[in-house]
Every structure is written in C-alpha cells, then in structure tokens.
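Going down the list, the protein sequences come from chains A and C.
When you line the first sequence up against this note's numbering, it's residues 2 to 560, in that order.
When you line the second sequence up against this note's numbering, it's residues 2 to 560, in that order.
All C-beta atoms in this analysis are idealised placements derived from N, C-alpha and C, irrespective of residue type, glycine included.
Protein chains: 2
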Amino acid sequence: MIKLSNFPFKTLKTRPKVSDNISTSILLQAWFIRQTMAWVYSYTTLWQRVIENIKKITREELNNYGCYETYMPWLSPREIWDKTWRWDIEDYFKVDAHGDKQYRLNPTHEEIVVPLMQDFIGSYKDSETCVYQIKDKYRNEKRAKSWLLRWRDFIMKDAYSFHLTNEGFEEYYEWMKKIYMSIFERLWLWKDTYITVADGWVFTDKYSHEFQTVLPIWEDTIYIDDTTWESFNQEVAPSKIWIENISDIEMFEKQDIEHDSSIVWVEALEKLLGVPVIKTTKTLFFVADDNRFVVASLRGDYEVNTIKLRQIVWCNSLLMASEEMVKKYIWTNIWFAWIINLPDSVELYIDDSVEWMTNFETWTNRDNHHSINVNFWRDLTIPDRFYDFKDAKIWDKNPSTWIIYRVEKASEVWNIFPLETKYTKPFWMKFTDENNTEQDVIMWCYGIGISRLMWVIAEYYMTENGIAWPESVAPADYYIIVIWEENLEKANEMAIKLEQEWKSVILDDRMSKKIGFGQKAGDSELFWIPNRVVISPKTVEQWGYELTIRGKESQLIKF
Amino acid sequence: MIKLSNFPFKTLKTRPKVSDNISTSILLQAWFIRQTMAWVYSYTTLWQRVIENIKKITREELNNYGCYETYMPWLSPREIWDKTWRWDIEDYFKVDAHGDKQYRLNPTHEEIVVPLMQDFIGSYKDSETCVYQIKDKYRNEKRAKSWLLRWRDFIMKDAYSFHLTNEGFEEYYEWMKKIYMSIFERLWLWKDTYITVADGWVFTDKYSHEFQTVLPIWEDTIYIDDTTWESFNQEVAPSKIWIENISDIEMFEKQDIEHDSSIVWVEALEKLLGVPVIKTTKTLFFVADDNRFVVASLRGDYEVNTIKLRQIVWCNSLLMASEEMVKKYIWTNIWFAWIINLPDSVELYIDDSVEWMTNFETWTNRDNHHSINVNFWRDLTIPDRFYDFKDAKIWDKNPSTWIIYRVEKASEVWNIFPLETKYTKPFWMKFTDENNTEQDVIMWCYGIGISRLMWVIAEYYMTENGIAWPESVAPADYYIIVIWEENLEKANEMAIKLEQEWKSVILDDRMSKKIGFGQKAGDSELFWIPNRVVISPKTVEQWGYELTIRGKESQLIKF
Chain A
2 MIKLSNFPFK TLKTRPKVSD NISTSILLQA WFIRQTMAWV YSYTTLWQRV
52 IENIKKITRE ELNNYGCYET YMPWLSPREI WDKTWRWDIE DYFKVDAHGD
102 KQYRLNPTHE EIVVPLMQDF IGSYKDSETC VYQIKDKYRN EKRAKSWLLR
152 WRDFIMKDAY SFHLTNEGFE EYYEWMKKIY MSIFERLWLW KDTYITVADG
202 WVFTDKYSHE FQTVLPIWED TIYIDDTTWE SFNQEVAPSK IWIENISDIE
252 MFEKQDIEHD SSIVWVEALE KLLGVPVIKT TKTLFFVADD NRFVVASLRG
302 DYEVNTIKLR QIVWCNSLLM ASEEMVKKYI WTNIWFAWII NLPDSVELYI
352 DDSVEWMTNF ETWTNRDNHH SINVNFWRDL TIPDRFYDFK DAKIWDKNPS
402 TWIIYRVEKA SEVWNIFPLE TKYTKPFWMK FTDENNTEQD VIMWCYGIGI
452 SRLMWVIAEY YMTENGIAWP ESVAPADYYI IVIWEENLEK ANEMAIKLEQ
502 EWKSVILDDR MSKKIGFGQK AGDSELFWIP NRVVISPKTV EQWGYELTIR
552 GKESQLIKF
Chain C
2 MIKLSNFPFK TLKTRPKVSD NISTSILLQA WFIRQTMAWV YSYTTLWQRV
52 IENIKKITRE ELNNYGCYET YMPWLSPREI WDKTWRWDIE DYFKVDAHGD
102 KQYRLNPTHE EIVVPLMQDF IGSYKDSETC VYQIKDKYRN EKRAKSWLLR
152 WRDFIMKDAY SFHLTNEGFE EYYEWMKKIY MSIFERLWLW KDTYITVADG
202 WVFTDKYSHE FQTVLPIWED TIYIDDTTWE SFNQEVAPSK IWIENISDIE
252 MFEKQDIEHD SSIVWVEALE KLLGVPVIKT TKTLFFVADD NRFVVASLRG
302 DYEVNTIKLR QIVWCNSLLM ASEEMVKKYI WTNIWFAWII NLPDSVELYI
352 DDSVEWMTNF ETWTNRDNHH SINVNFWRDL TIPDRFYDFK DAKIWDKNPS
402 TWIIYRVEKA SEVWNIFPLE TKYTKPFWMK FTDENNTEQD VIMWCYGIGI
452 SRLMWVIAEY YMTENGIAWP ESVAPADYYI IVIWEENLEK ANEMAIKLEQ
502 EWKSVILDDR MSKKIGFGQK AGDSELFWIP NRVVISPKTV EQWGYELTIR
552 GKESQLIKF
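In structure tokens form, the structure reads like this:
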C-alpha cells in the first residue's frame with residue numbers, strides 16, 4: 002500500500018509544457034517521470050508499477066504458450082560480432098575496458114542466443130523452440146526523432162524461435178500471433194492495433210511484420226484496408242491509383258515544345274507549360290548492387306519507393322545513378338532523359354500510375370525539349386507489364402481489393418523479422434535431417450517494445466485531466482481519499498482488506514490543512530486509478546463509503 | 002508449467018570440471034547457466050526463475066516497510082559526474098556516442114538519485130524517505146578475482162535514504178536492519194549471515210556495515226564473536242593478542258649485538274640471533290595526507306592495518322615513508338630505525354601487541370645493531386597509551402569481551418555506506434530547519450547483490466548431487482515424474498491443479514525410450530526441486546502418487 006502522507010513524490014499544481022505532446026506533460030505533472038538528460042528519464046514508483054504490470058502480462062502469456070524466459074548478458078566480446086560482420090555498426094555502443102579491450106554493449110542478442118541454443122538443436126528429432134528475455138537495451142541514436150520514440154535506452158522483450166522447416170515456422174507463426182493478440186487484448190490496445198506489413202531489411206521475398214497502434218501524433222504512417230483488416234507500413238504499401246473513367250477521352254495531337262533550361266521539375270512544368278501535375282511523368286535512374294542499370298518511370302506526382310522497387314528489380318540495394326552514369330548508359334543528359342530509345346543493356350520498369358495516362362507530358366532525351374499529349378498505343382509501345390513501385394498516397398487503393406485505404410499515423414509496438422539463416426549460418430547452427438544431411442536451422446525474431454508500450458498506452462488513454470489507465474496496467478486498483486483524521490483507521494482497515502484480495506491501493510492519508518478534498522480529488526484524477534473511494538464522516542455515518550468506478554456514477558457502498 | 006518433453010535445455014550426463022568450485026559445475030551440468038565469455042554468463046529458464054524469486058522477496062519486504070521502487074536510467078551525462086569528481090574513475094565504463102559525446106554507463110546511481118529527490122526534501126516538515134531500484138550494473142573489472150565474485154555485469158538492489166538529522170537516520174537504520182533480517186530469513190540464509198563492520202571508505206569515524214554469509218571458499222575473512230554475535234571484516238577487526246601469564250617472568254640482562262647488514266627482517270632475526278618471532282618488534286613509518294610523520298611499532302609477527310591506523314591518526318590516507326624521509330625526520334637509516342630518540346616533530350603510536358612483551362628484541366637506531374632482552378619499566382618509558390592497529394590474526398580476542406574470535410571465510414551479500422553529505426553537498430541538496438537555516442541533507446546507501454545472492458545460495462545449499470534450493474527461491478515447487486505414457490493425462494491434471502493453487506510445476510513427460518526412470522530421478526535431484534512426485538501404473542492402481550518431500554521418506558498420497 003502506498004500512503005501518500007509518506008510518499009516522496011508530489012504532484013505539481015500546474016502542468017509543465019512539453020513542446021510536442023500532452024501525455025508527457027501529464028506524466029511530468031503527476032511526477033511519474035523526470036528527465037535526467039535529453040531522451041533519458043527516471044521513472045518514479047507509480048510509473049515503475051505500470052512497467053512491471055506490462056512485463057507481467059507479457060511474461061504470463063509467453064510462458065503460457067511454452068516460450069522460455071532466459072537472461073542473456075549485457076556485454077559480449079568482439080569475436081562473436083565479427084562472425085556476422087556487425088562489430089562496426091555505428092548505432093551499437095562499444096565500451097572500452099581494461100587491457101585495451103573493447104566489449105559490445107549488446108543492442109540485440111542474435112549473436113548471443115545462437116551459440117546458447119545450438120547445443121540443443123542438432124537433429125530433426127529435436128523440438129522447435131522459442132526463448133525470450135525482457136531486458137533494457139541501448140542504441141547510439143544520432144538524434145531522437147521525437148520525444149518518446151527513439152531513446153538511447155529502452156526496455157524490450159526479444160524472443161527468438163528456432164525451426165527445422167519453413168512449414169514448422171508457418172504453423173508456429175500463427176501461434177505467435179495468438180500470443181500477441183492475447184497480450185494486446187490484456188493491454189486494452191487490441192481494437193486499434195494492426196498487423197502491418199513492413200520492410201524485411203534482409204534479402205528475402207518476405208516482408209517483416211509489425212504491430213502498429215493507431216495514434217495521431219506518432220512517427221509511422223500505415224495504410225489500412227478496413228474490409229480485410231490488412232495494413233501496410235507506408236514504406237511498403239502496395240497501391241493502385243484512383244483513376245477516372247478514361248474510355249471517352251480523346252487523343253490530342255502530340256506536340257514537341259522547346260523551352261529554356263530552367264524547366265526541370267514537374268512544378269515548373271505545371272506553372273510554365275500549363276500541364277497539370279497528373280499529366281506529367283518522371284523518370285529516375287538507379288544502379289543495383291550487381292551493377293545493373295535501372296530506369297524507373299512513374300506519374301509526376303508520385304515518388305519512387307526504393308524498397309518496393311528493390312523487390313521488383315530483385316537486388317540488395319539501389320543507388321541513384323550519377324549524371325555521368327546516365328550519360329554513359331543512355332547517351333543523354335540526366336535532366337532530359339526519358340524511356341524512349343533506351344539501349345538493350347538497361348532495364349526499364351514503368352509504374353502502373355502511368356498505365357492509364359492519356360495526353361501526358363514526357364521528356365524526350367533531347368536537351369530542353371518536352372513532348373505533350375503523348376499517348377500509349379499511338380506514340381509509345383505498351384510495355385509487357387506495369388509495376389507498382391510508387392510511394393502510396395492518400396486516396397490510393399489496395400490493389401488486391403480495390404478499396405481505398407484508410408491512412409493513419411501509428412506507432413510500432415511489435416515487430417517480427419524473418420532472420421532465416423542469416424545468423425545460424427555464420428555460427429554453423431545446423432541439424433541433421435531424416436536423410437542424414439546437414440541443414441541450417443531457421444530462425445525468427447520477435448520484439449515487443451515494453452517502454453514504447455507504456456508511452457503508447459499513456460498517449461492512447463490520455464484525457465484532459467489525466468491518463469485513464471487500463472485496469473490491467475494501472476499503478477493501483479483503488480485510490481482511497483480520507484477527509485478527516487478520525488476516519489483514518491477505518492480507511493486503513495479497508496486498504497488492508499483490499500490488499501488481502503490482491504488489490505493494490507493508494508491511500509491518500511495526507512492530513513495537512515493545505516491539502517483539502519479538492520487537491521486529493523485532483524490527484525486521484527491525475528493518477529487516474531480505476532476505482533476511487535471517499536471515506537468521510539458523512540459516509541461513515543451511513544456505515545459506508547463512496548465508490549466511483551471510473552466513468553460511472555458514484556454510489557454509496559456499505560462496509 | 003514446464004513440460005520437459007518440449008523444454009529446450011537438457012542436462013549433461015557428466016559434470017563439467019570448473020577449476021575453483023563445485024556449485025558452478027553443478028549449475029553447468031543442470032544447464033542453469035552457460036558461459037558467453039570470461040566472467041559473463043547466460044542464464045536459462047530455471048536459473049532465471051531463481052533470480053526472479055530473489056527479486057520478488059526483496060521487493061515485497063522493501064515495499065512492505067515503505068521503501069519506494071523507482072527506475073533510474075542507464076546512461077548519464079558527464080556534467081553530473083564532474084560535480085562529484087567521479088567521471089574519470091577507471092572502474093566505471095564510459096561509452097562513446099555520436100557527436101563526440103561520451104556518456105557514463107551508470108555503475109551506481111548517487112549522481113542520479115540526488116537530483117531526482119531534491120525537489121521533495123526542502124524543509125524540516127518533509128518526511129525522510131527511501132527509494133530503491135533493482136538493476137543490472139557494470140564494472141570495468143581489471144580481473145575477476147574468483148569465478149563468481151567480481152563480474153563485469155551483475156544485478157544489484159540499491160536503496161538510498163534521505164534524512165534531516167543523524168538521529169532520524171539512527172532510528173531508520175534499526176528499521177532497515179529489520180527489513181534485511183526479513184529478507185535473509187526468507188532466503189534461508191539468516192543462520193550463517195552476520196552483520197559485519199567494515200571500512201567506510203569515507204573520512205568519517207563511522208565504519209560501514211556488511212552482511213556476510215559464511216562460506217568456506219569465499220573472498221572475505223570475518224572475525225565473529227559468538228557471545229555477542231558481533232562480526233568484523235578482517236580489514237577493520239579490533240584485536241587483543243592472546244598473552245601468557247607474565248607475572249613471574251624474570252628480566253634478563255639487556256644486550257647490544259652487532260651483526261652484518263644481512264639481518265633486517267624478523268625471520269632472519271629468529272634464524273641468526275635465535276630470537277623467537279614473538280619476542281621481536283618492528284617499526285614502520287608513514288606520512289599522512291596532512292604531512293604529519295607517523296611512527297608505528299608492533300610485535301614482529303603482526304602487520305600494520307592502515308585502515309585501523311588511519312582512524313587512530315585521524316587522517317584521510319597514510320603513505321609508507323621513503324628511506325629519504327626517514328633519514329630527514331629521525332636521522333637514521335630506515336632499516337635500523339626504532340622508537341627511541343625520536344624528535345618531537347613526529348608522532349609515535351605503539352600497538353598493544355607490544356604492551357606485555359618482556360625480554361624482547363629491538364633495533365637501536367644504529368646501523369647493524371640490535372638490542373635483545375629489552376624491557377619496559379627498566380629500559381624504556383611506557384607510553385601513555387597503547388593502540389590497536391594490527392591486522393587481526395587467528396586466536397586473537399575481541400577487545401571488548403576478551404572472547405577468542407571464530408575466524409571464517411565469508412561472502413559479502415549486503416553493504417551499507419554512510420554517504421552522509423558526500424553527494425548531497427555538491428548537488429546543493431539542502432533543507433531549511435526550524436530556525437530557517439539551510440542544512441545539508443544526510444544520505445545513506447544500502448546495497449543487496451542479487452546475482453551474488455544467487456551464487457551464495459547455490460554454494461550454501463550445494464550437496465553432492467545437486468543444489469537443495471530453499472523453497473522460497475527454488476525454480477519450481479514440484480517435479481512430477483511420469484513413467485508410462487498412459488499416466489500422462491493424470492499427471493497433467495495434477496499439474497494444472499497444483500498451478501491453480503499457485504504452485505509451480507516441472508512435468509517430466511519425456512517419453513523417449515532412452516530416458517528411463519533413472520535419468521528422470523537423476524534430473525529431479527540435479528534441479529533439486531523441494532517436492533518430487535512419481536506417477537506410475539503402480540501408484541495409479543492404488544489411486545494415488547508417490548510424494549517425496551526433500552529429505553523425508555517417500556509416501557503414497559491418494560489423488
């Protein structure tokens with residue numbers, strides 16, 4: 002039981018102003034948190050309880066489904082990071098130790114968990130398994146993007162599963178989704194949390210998955226199809242443009258226009274040539290990591306999404322081609338280059354935003370020359386296939402359902418990565434299959450941002466007065482206000498009784514004259530504990546107390 | 002419930018050999034731990050449960066008594082460490098961050114907790130308080146002294162209390178001792194754990210206190226008085242020598258002996274002059290940090306304890322004087338210097354080991370000259386006072402009770418430091434007293450080594466077969482062995498029922514032919530869960546199971 006008469010942390014009368022969001026101001030006012038340095042906070046007792054409650058729920062659900070908790074170390078030697086070529090990643094901290102040694106301050110534990118688990122999976126008879134830990138982690142962040150999203154230290158649940166076949170994993174993954182559903186249900190976040198497809202970051206045809214909780218102020222943008230519950234991170238969202246009915250549009254005569262060299266960007270085209278932006282096209286040039294030269298063309302108001310394009314071109318990375326490279330490969334000035342007259346040695350990809358365009362503008366591969374009223378069929382060969390490599394925009398449709406996306410800001414609270422054999426190969430983690438052949442073990446990894454979740458819940462359940470904590474994570478179940486000293490004993494009795502029923506209690510037994518009912522009621526709202534009890538001579542006279550369940554009418558309950 | 006059929010970690014058939022102790026070998030055999038690098042271990046699920054149990058007990062007792070848990074950050078900026086001159090301490094890690102910044106990887110949190118708490122203690126009306134955290138910590142250890150004592154990362158509970166007066170603290174301290182007593186009682190360590198006086202490390206007349214658990218293989222040596230339950234770390238143990246009845250000893254004639262210069266140390270005296278070591282004296286010379294010159298003399302078989310001597314001389318530090326300084330201050334060669342003919346400018350301290358010596362040997366302040374059969378009264382003035390600044394030895398007595406100490410090897414599991422105003426002063430943490438005068442807040446700090454405790458418990462409760470975990474921290478309450486597949490359902494039912502009663506269960510449901518009753522029974526002993534249950538067709542026939550409570554006879558219990 003927390004007795005406020007003796008509790009060191011006090012609330013503030015006024016709300017400190019924090020530039021970019023209100024929930025932080027409330028947390029500062031309620032003294033849940035205090036800043037130590039930029040992006041580094043201390044948490045006081047009530048906030049610490051919220052963290053422990055989130056950890057407890059996460060742990061219970063994972064254990065229930067047969068995941069096994071472990072404790073992996075903070076420091077590790079360089080050798081194991083050299084195996085995976087990750088020693089010199091800038092965002093991972095190193096620490097200098099005695100004897101000119103350096104250790105890694107582990108930001109993630111693939112390099113630790115693989116050697117830990119490889120003694121246990123050696124044969125097709127061994128069972129697939131999943132281990133996890135809940136741990137504070139570090140990143141050497143260049144800049145904190147927002148007040149609460151990118152911290153240098155944060156709490157993570159990281160789980161690693163090991164599989165013998167892809168089918169084994171697929172089955173497991175459905176099971177893992179159920180675990181996560183249970184966790185988010187218990188955290189009261191399920192309703193607005195979406196399983197979102199995101200970039201996999203590895204050379205694979207699989208995307209990674211994220212759980213994104215919709216919140217207006219956050220960093221990610223997700224594209225939701227409400228008919229299928231599908232959701233995509235903007236970085237990978239497939240998209241179809243919204244097109245008008247084009248059957249009756251007349252083909253105008255094609256014109257070549259010469260102009261001065263100041264007209265390069267689509268905005269200038271619109272302004273000076275009077276061509277609306279949706280009638281313009283643009284073409285960009287890339288070099289793949291295997292040296293293929295890639296030409297990508299799309300409607301003028303879209304941007305190339307290199308993550309989507311990379312999957313189409315099927316390469317590890319795409320770099321913008323330099324002016325010199327464009328000259329060398331397609332014999333023209335980069336500013337006026339377009340898709341006609343391309344040599345066979347380059348690969349051309351046209352986005353489907355161009356597919357139904359009519360009477361549109363193009364460059365012509367001649368300096369300071371444009372064409373307008375260009376049309377497929379008549380002026381250009383239609384390519385065998387149009388692709389989708391544009392950045393999705395608002396009003397775009399989901400290509401598989403033709404439903405217009407709902408676009409929302411959201412925060413990533415969970416992710417899953419298809420690590421496959423990326424870490425098991427370098428550590429030689431193999432098993433012998435039924436034909437006595439050695440195979441690489443397949444590995445996946447699943448994260449939950451515990452500290453991120455705390456902030457998401459705070460922001461999601463924020464009201465004007467305080468944060469209306471979900472019962473499952475609230476810093477206490479009951480807030481008991483005592484008005485007169487003579488009722489203290491009664492209140493104390495009640496608190497003890499509640500604790501015996503496994504309820505946690507904050508007892509507001511502050512008896513100083515300066516702290517009246519008003520402040521007590523205000524603090525109870527700022528902390529916003531689900532159940533508020535008031536014990537006063539009036540209620541005691543009626544042999545009871547006043548109970549206010551959050552959001553409901555007060556009622557008198559008999560002791 | 003842990004089902005071993007699906008549990009990733011297996012036990013080893015043979016016990017790995019670890020150079021310096023057996024409990025580590027058992028933990029490695031049971032796959033509780035695995036080494037990642039020197040002095041860095043991963044913990045698997047069962048060991049992780051032991052940690053969580055210890056944390057839970059610690060938390061419950063502290064919360065119960067009104068200490069408040071917080072979460073303080075890992076990283077902190079240089080500025081706050083500059084205030085206390087601790088930025089450049091070698092054993093504390095720094096990490097390099099972007100923008101040529103360096104952060105401290107916090108090894109302890111005084112510099113964090115003072116700014117956190119100073120907003121809440123400003124007046125004599127504010128209540129004294131104690132906050133704590135349970136956190137992993139780091140030290141840049143030069144070398145690990147023993148396999149488990151000095152690690153680079155470890156788990157600590159660190160509490161900090163803030164007081165307005167010393168009396169306030171004294172009262173609080175008695176209360177804190179009770180909390181710790183409850184914790185150690187619940188961990189089943191109370192019987193052999195002693196509150197031990199140790200060096201305070203700060204310039205104060207107060208020593209610090211440690212809780213030391215007696216264990217034969219550990220690093221500290223403690224001196225226990227079994228009549229008073231007093232205990233002292235060797236570094237500060239007061240001591241009286243064991244002396245024979247000297248009333249009837251005849252004074253021999255004093256002799257001066259000249260000899261060659263090879264005789265310097267007491268061993269040579271004993272060998273070449275035939276003087277037994279307990280009849281020799283030795284004298285050492287120190288310079289205090291305030292430049293006083295200190296002469297300290299004691300019986301030849303004792304060593305000077307500079308921590309004790311520092312308290313007597315009342316200075317911050319004592320350095321051994323160089324040969325040149327001895328020459329300068331007392332006009333003689335360091336090798337032959339003794340306590341006679343000292344100039345007034347030096348301070349002389351004689352240890353009480355010399356007090357009752359008769360017919361003893363001394364140097365004479367002349368090169369290559371000794372005296373033997375020296376006696377107080379006759380040959381020397383008796384000083385006003387003898388002191389106690391010798392390192393205590395076995396057979397020494399407690400000066401306050403004259404009881405011979407019991408000397409034991411022990412491990413420090415808790416300590417308390419009188420930080421007083423060391424950290425509150427530089428951060429200007431003050432309160433206004435009743436006379437409206439500003440006073441420094443008084444601060445103490447209390448640590449419990451959570452990871453240290455795990456190892457102490459393992460070592461303390463180690464047997465030949467496994468570690469007989471105390472019920473309060475055991476990785477499970479029940480280990481259920483199923484012998485035949487047909488009884489699996491019954492066993493599962495029983496496990497679920499036990500879990501509903503808040504008992505934790507390991508279900509040994511491994512049905513492979515290779516894993517017979519022998520291995521199951523062996524593993525149950527290696528994990529050594531307090532209660533073992535065997536369910537077999539034979540017991541089921543009698544409508545029951547076999548229960549073996551550790552250390553007791555097996556019995557058949559009806560379902």
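Selection from the options that minimises the alpha carbon distance to residue i
i	options	result
Lys280 of chain A	A:Asp193, A:His371 and A:Trp88	A:His371
Glu186 of chain C	C:Glu472, C:Gly552 and C:Lys491	C:Glu472
Arg311 of chain C	C:Asp200, C:Pro9 and C:Glu490	C:Asp200
Ile443 of chain A	A:Phe418, A:Arg50, A:Ile23 and A:Thr464	A:Phe418
Thr549 of chain A	A:Gln543, A:Ser525, A:Thr130 and A:Glu542	A:Ser525
Glu175 of chain C	C:Arg79, C:Leu165 and C:Ile196	C:Ile196
Ser505 of chain A	A:Pro476, A:Met512, A:Gly545 and A:Trp529	A:Pro476
Asn437 of chain C	C:Pro116, C:Lys18, C:Ile331 and C:Ser124	C:Ser124
Trp456 of chain A	A:Ile3, A:Phe8 and A:Ile23	A:Ile23
Cβ-based burial, residue i [other Cβ within 10 Å; buried from 16]
i	result
Lys126 of chain A	exposed
Ile184 of chain A	buried
Asn65 of chain A	exposed
Gln235 of chain A	buried
Gly519 of chain A	exposed
His260 of chain C	exposed
Leu149 of chain C	Confidence at Leu149 of chain C is low in this model, with a pLDDT of 48, below 50, so the placement of that residue should be treated as unreliable; the coordinate-derived value is given next. Result: buried.
Lys14 of chain A	exposed
Lys521 of chain C	buried
His110 of chain C	buried
Pro49 of chain C	Sequence inspection shows Gln at residue 49 of chain C; the Pro mentioned does not correspond to that position. The residue in question, Gln49 of chain C, is buried, as its Cβ has 16 or more Cβ neighbours within 10 Å.
Min CB distance residue i to chain C below 8 Å
i	result
Arg35 of chain A	yes
Ala475 of chain A	no
Tyr125 of chain A	no
Phe94 of chain A	yes
Gln403 of chain A	As written in the sequence, residue 403 of chain A is Trp, which differs from the Gln given in the question. With 8 Å as the cut-off, Trp403 of chain A does not count as an interface residue toward chain C.
Minimum Cβ-Cβ distance from residue i to chain A less than 8 Å
i	result
Trp230 of chain C	no
Gln501 of chain C	no
Tyr44 of chain C	yes
Thr130 of chain C	yes
Val408 of chain C	no
Amino acids of chain A, ordered along the chain, whose beta-carbon sits closer than 7 Å to that of residue i
i	result
Lys11 of chain C	Phe121
Leu508 of chain C	Those within 7 Å of Leu508 of chain C in chain A number zero; the least Cβ separation is about 12 Å.
Gly67 of chain C	Asn7
Contact list for residue i against chain A, beta-carbon separation under 9 Å
i	result
Phe233 of chain C	In chain order: nothing, as chain A lies at least about 31 Å away.
Ala52 of chain C	Residue identity differs from the one stated: residue 52 of chain C is Ile in this sequence, not Ala. Residues of chain A passing the Cβ test: Tyr72.
Unbroken alpha helix (DSSP H) run spanning residue i, endpoints
i	result
Arg300 of chain A	Note, Arg300 of chain A: premise wrong, no alpha helix (DSSP H); beta strand (DSSP E) at Phe294 to Arg300.
Ile23 of chain C	Ile23 to Gln30
Val278 of chain C	Neither: Val278 of chain C is in no alpha helix (DSSP H) and is coded neither H nor E.
Gly467 of chain C	Per DSSP, Gly467 of chain C belongs to no alpha helix (DSSP H) and is neither H nor E.
Boundaries of the beta strand (DSSP E) in which residue i is found, first to last residue
i	result
Met512 of chain C	That residue, Met512 of chain C, is in no beta strand (DSSP E); it is neither H nor E in DSSP.
Ile184 of chain A	Here Ile184 of chain A belongs to no beta strand (DSSP E); instead the alpha helix (DSSP H) covers Asn167 to Arg187.
Residue i beta carbon near the ligand FMN (any heavy atom closer than 7 Å)
i	result
Lys491 of chain C	In the structure shown, the ligand FMN is absent, as is every other ligand, since no ligand is present at all.
Within chain C, the residues that residue i reaches when beta carbons sit closer than 9 Å
i	result
Gln30 of chain A	Neighbours of Gln30 of chain A on chain C: none; closest Cβ ~13 Å, over 9 Å.
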